[in-house]
Amino acid sequence: MSQQQLSAKQYAPLAEDEQRGFRAEAQKRGIGSGLLARALLLDGLDRLGDPALERRIDDEKTATKHRISDGARAAAQQRWANDEGAK
């Protein structure tokens, strides 16, 4: 176990219900959500190459592409709607 200074941060977006569930799991264990996140992250790094984890990574990549596409589409529609009103 490394005793090095933990100064780097990693941001991971979650849906509100995911965050609530995550915090509840941390609370059940009597730890903060940051500590649980660190433990899960390190475990995940150790398991890279595991087929189940690789499927999860692929699923998250696909879901992110859809969210970005949906968000870009909504932003464009809003922009176009605002442009129409300006004419």
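Note that my numbering has the sequence shown beginning at 36, numbered continuously upward.
Idealized CB from N, CA, C, for every residue including glycine.
Query, Result
"Whole-number beta carbon distance between residue 71 and residue 60, since they are thought to touch under 8 angstroms", "6 angstroms"
"Residue 63: first and last residue of the uninterrupted alpha helix (DSSP H) it sits in", "51 to 63"
"C-beta contact flag for residue 82 and residue 88 at 8 angstroms", "yes"
"Reference residue 44, options 94, 98, 69 and 90, closest by Cα", "69"
"When 42, 47 and 41 are compared against residue 99, the one with the closest alpha-carbon", "47"
"Residue 87, DSSP secondary structure in three states", "helix"
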